[in-house]
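Chains as they are written, first to last, in the numbering used here: chain H, 27 to 301; chain E, 123 to 255. Note that CB positions come from ideal geometry on N, CA and C, so glycine has one too. In this text, all values refer to a predicted model and were calculated from it rather than measured experimentally. Working notes, beginning with the structure itself.
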Amino acid sequence: MKIIGLIITIMTGGFLVYAAGDFPAWSDPSSPASTYLSPYYIEKAIEETSVPNIVTAVLADYRGFDTMFEATVIFSAGLVCFILLRIMGRKEPETRHYRHVLTGVTVTIKEGRKIPASEEFERIDDLWTPPELIIKTACRVLIPFLQLFGLYVIAHGHYSPGGGFQGGVILGASIILLAISHDLRTATERMREKVVAILCPVGVAIYAGTGALCLLLGANFLDYGALASVLHVDPITARSHGILMVEIGVGIAVMTTMIWIYNNISSAGKYNQGL
Amino acid sequence: MAELIPTIIAKYNYWIYITLMMIGLYAMIAKNNLVKKILGMSIFQTAIILFYVSIGVKKGATIPILEGVHGHGAAHQAVHAADYVNPLPHVLMLTAIVVGVATLGVALALAIRVYNRYNTLEEDEILAQIRKK
Numbered sequence: 027m028k029i030i031g032l033i034i035t036i037m038t039g040g041f042l043v044y045a046a047g048d049f050p051a052w053s054d055p056s057s058p059a060s061t062y063l064s065p066y067y068i069e070k071a072i073e074e075t076s077v078p079n080i081v082t083a084v085l086a087d088y089r090g091f092d093t094m095f096e097a098t099v100i101f102s103a104g105l106v107c108f109i110l111l112r113i114m115g116r117k118e119p120e121t122r123h124y125r126h127v128l129t130g131v132t133v134t135i136k137e138g139r140k141i142p143a144s145e146e147f148e149r150i151d152d153l154w155t156p157p158e159l160i161i162k163t164a165c166r167v168l169i170p171f172l173q174l175f176g177l178y179v180i181a182h183g184h185y186s187p188g189g190g191f192q193g194g195v196i197l198g199a200s201i202i203l204l205a206i207s208h209d210l211r212t213a214t215e216r217m218r219e220k221v222v223a224i225l226c227p228v229g230v231a232i233y234a235g236t237g238a239l240c241l242l243l244g245a246n247f248l249d250y251g252a253l254a255s256v257l258h259v260d261p262i263t264a265r266s267h268g269i270l271m272v273e274i275g276v277g278i279a280v281m282t283t284m285i286w287i288y289n290n291i292s293s294a295g296k297y298n299q300g301l
Numbered sequence: 123m124a125e126l127i128p129t130i131i132a133k134y135n136y137w138i139y140i141t142l143m144m145i146g147l148y149a150m151i152a153k154n155n156l157v158k159k160i161l162g163m164s165i166f167q168t169a170i171i172l173f174y175v176s177i178g179v180k181k182g183a184t185i186p187i188l189e190g191v192h193g194h195g196a197a198h199q200a201v202h203a204a205d206y207v208n209p210l211p212h213v214l215m216l217t218a219i220v221v222g223v224a225t226l227g228v229a230l231a232l233a234i235r236v237y238n239r240y241n242t243l244e245e246d247e248i249l250a251q252i253r254k255k
């Protein structure tokens with residue numbers, strides 16, 4: 027198998043090297059990729075959408091359908107991880123361990139008994155290692171600024187590098203950082219499974235709903251110029267606002283999908299302390 | 123030989139992507155462990171992303187974000203396509219990176235299910251267990 031694989035790999039590489047002879051040289055301004063469609067985007071994007079970041083304009087306006095179904099693919103991937111891994115209605119183990127946060131004393135509780143509902147006890151697993159104090163403190167300082175930066179990247183995607191995908195990944199990473207530095211239970215307390223599962227389709231629905239709103243206002247699907255009558259601005263500025271709406275939808279969908287996938291994979295669907 | 127070297131240097135982005143692609147393809151075909159196969163798929167994907175982004179580069183051009191324009195009335199200035207890199211590969215790869223992470227998650231979830239069922243991630247051991255039934 028290894029020999030066959032090596033032969034196939036070398037043959038593919040040989041074909042690609044042979045084909046690379048016909049490809050344009052590095053950073054050639056007159057290469058085919060840069061001569062047909064892209065000059066139109068670069069020269070007309072600001073006139074037609076009033077968005078200085080051409081990447082955002084092409085992503086959410088000219089190629090709006092592509093991005094909408096990319097968001098749907100991401101949502102489906104999150105859903106598939108949930109369906110494959112999540113263990114529903116699992117029996118609680120007979121003995122459970124609780125740790126008193128202030129003193130560090132661990133209490134073991136037999137089946138049927140309960141501890142008084144208190145903030146001072148946290149549930150822990152059989153194999154529990156104490157989180158490092160330095161890492162916990164550093165992440166606690168870091169996470170709010172990460173989330174603020176994620177919001178900035180989403181909201182400022184029109185004027186600087188950024189947008190829904192990048193900002194959504196940063197927001198998702200901030201919650202995953204919380205899950206890594208503390209444990210998964212702390213993260214799911216902040217961002218409950220139900221919230222994640224609801225927000226994920228809501229993000230896709232915001233995108234599709236913006237398109238449907240344009241349809242209701244008498245234009246084509248995802249033709250944001252039609253939003254001008256609702257937003258009381260000229261049609262060109264309305265395109266910029268429409269792009270912001272769909273970017274927010276993408277940001278929510280991407281953030282929750284990253285969290286959903288991480289939660290399910292790191293705990294193999296059990297939602298215990300995780301890694 | 124003397125004329126071959128400038129050609130090789132002028133297209134070095136293609137050699138890097140081909141090498142990465144071959145590494146990924148070999149890992150996908152020849153490796154026995156499922157997680158290593160998934161990693162190979164990820165390396166393959168990175169090669170494609172590198173290929174697309176390198177195609178968008180233009181000599182003497184800057185990032186595709188117009189400077190000093192603010193929405194209204196910006197249409198007066200002429201924008202020259204030669205001054206900005208091709209935005210299209212960036213758009214395509216931007217979504218491809220995030221979708222790549224999501225599909226990697228699905229692949230890992232499947233690997234976890236396979237491990238739960240067969241208690242191993244080695245391909246030959248899984249196949250032996252399937253044949254035994």
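Nonlocal neighbours in the same chain, by C-beta distance under 6 angstroms from residue i, ignoring five residues either side
i: Phe-173/E; result: Tyr-139
i: Gly-194/H; result: Gly-277, Val-280 and Met-281
i: Gly-237/H; result: Phe-247 and Leu-248
Residues near residue i in its chain [Cβ-Cβ closer than 8 angstroms; skip 5 each side]
i: Ile-130/E; result: Trp-137
i: Gly-146/E; result: Gly-162, Met-163, Ser-164, Ile-165, Phe-166, Gln-167, Thr-168 and Ala-169
i: Val-221/E; result: none
Collapsed DSSP secondary structure at residue i in the structure displayed
i: Leu-142/E; result: helix
i: Leu-301/H; result: coil
i: Thr-242/E; result: coil
i: Thr-61/H; result: coil
i: Asn-289/H; result: helix
i: Ile-187/E; result: strand
i: Ala-196/E; result: At Ala-196/E, the pLDDT of 49 sits below 50, so the modelled position is not reliable; the number obtained from the coordinates is stated separately. The answer is helix: DSSP assigns Ala-196/E an H, G or I state.
Within-7 angstroms CB hit, residue i to chain H
i: Asn-208/E; result: yes
i: Asn-155/E; result: no
i: Ala-196/E; result: Note on Ala-196/E: pLDDT 49, under 50, position unreliable in the model; the coordinate value appears next. Output row for Ala-196/E: interface = yes.
i: Ala-152/E; result: yes
i: Asn-241/E; result: no
i: Leu-172/E; result: no
i: Gly-256/E; result: Shown here, chain E extends from 123 to 255; a query on residue 256/E therefore has no answer.
i: Arg-253/E; result: no
i: Leu-188/E; result: yes
i: Lys-133/E; result: yes
i: Met-144/E; result: yes
i: Ala-250/E; result: no
i: Leu-161/E; result: no
i: Ala-233/E; result: no
Minimum Cβ-Cβ distance from residue i to chain E less than 7 angstroms
i: Tyr-67/H; result: yes
i: Phe-302/H; result: Any question about residue 302/H goes unanswered here, given that chain H covers just 27 to 301.
i: Ala-205/H; result: no
i: Lys-296/H; result: no
i: Phe-49/H; result: yes
i: Phe-191/H; result: yes
i: Leu-110/H; result: yes
i: Asn-79/H; result: yes
i: Ile-269/H; result: no
i: Pro-55/H; result: yes
i: Ile-161/H; result: no
i: Lys-140/H; result: no
i: Thr-35/H; result: yes
i: Ile-180/H; result: no
CA nearest to the CA of residue i, picked from the options
i: Phe-101/H; options: Tyr-88/H, Ile-285/H, Ala-294/H and Met-27/H; result: Ile-285/H
i: Ile-274/H; options: Val-230/H, Gly-104/H, Ile-109/H and Gly-90/H; result: Val-230/H
i: Val-127/H; options: Asn-79/H, Asp-87/H, Pro-156/H and Ala-97/H; result: Pro-156/H
i: Cys-13/H; options: Leu-204/H, Ile-169/H and Ile-287/H; result: With chain H represented from 27 up to 301, any question about residue 13/H goes unanswered, as that position is not in the structure.
i: Leu-232/E; options: Thr-129/H, Lys-140/H, Pro-58/H and Leu-111/H; result: Leu-111/H
i: Asn-208/E; options: Ala-200/E, Leu-188/E, Arg-235/E and Val-220/E; result: Leu-188/E
i: Val-225/E; options: Leu-257/H, Glu-118/H, Thr-98/H and Ser-144/H; result: Position check: residue 225/E holds Thr in this sequence, whereas Val was assumed. Looking at the Cα atoms, Thr-98/H is the closest of the given residues.
i: Asp-152/H; options: Thr-82/H, Arg-122/H, Val-84/H and Ser-57/H; result: Arg-122/H
i: Met-144/E; options: Phe-49/H, Phe-41/H and Ala-51/H; result: Phe-41/H
i: Asn-23/H; options: Lys-181/E, Ile-185/E and Lys-133/E; result: In this structure chain H extends from 27 to 301, so residue 23/H is not present and cannot be described.
i: Ile-275/E; options: Ala-229/E, Asp-246/E, Ala-200/E and His-212/E; result: It is not possible to answer for residue 275/E, since the shown part of chain E is limited to 123 through 255.
Cβ neighbours of residue i in the same chain (closer than 7 angstroms, five flanking residues each side left out)
i: Ala-196/E; result: Confidence at Ala-196/E is low in this model, with a pLDDT of 49, below 50, so the placement of that residue should be treated as unreliable; the coordinate-derived value is given next. Taken in chain order, the list of residues that qualify is empty.
i: Val-43/H; result: none
i: Tyr-237/E; result: Leu-243
i: Asn-135/E; result: Ser-176
i: Leu-214/E; result: Tyr-174
i: Asp-260/H; result: Ala-254
i: Gln-251/E; result: Tyr-240
i: Ile-135/H; result: Thr-121, Arg-122, Tyr-124 and Ile-141
Residue i beta carbon near the ligand FAD (any heavy atom closer than 6 angstroms)
i: Ile-171/E; result: Of the ligands one can find in the structure shown there are none, so the ligand FAD has no counterpart to examine.
C-beta neighbour in chain C for residue i, strict 7 angstroms
i: Glu-96/H; result: Structure shown: chain C not included; protein chains present are H and E.
> In chain order, which alpha helix (DSSP H) runs of at least 4 residues are fully inside the segment 116 to 193 of chain H?
Replying inline: 159 to 181
> What alpha helix (DSSP H) runs, 4 residues minimum, are completely inside the segment 134 to 178 of chain E?
Replying inline: Listed in chain order, the alpha helix (DSSP H) elements of length 4 or more contained wholly in the segment 134 to 178 of chain E are 134 to 152 and 156 to 177.
> What are the complete alpha helix (DSSP H) segments, minimum 4 residues, inside the segment 189 to 226 of chain H?
Replying inline: 190 to 207 and 210 to 216
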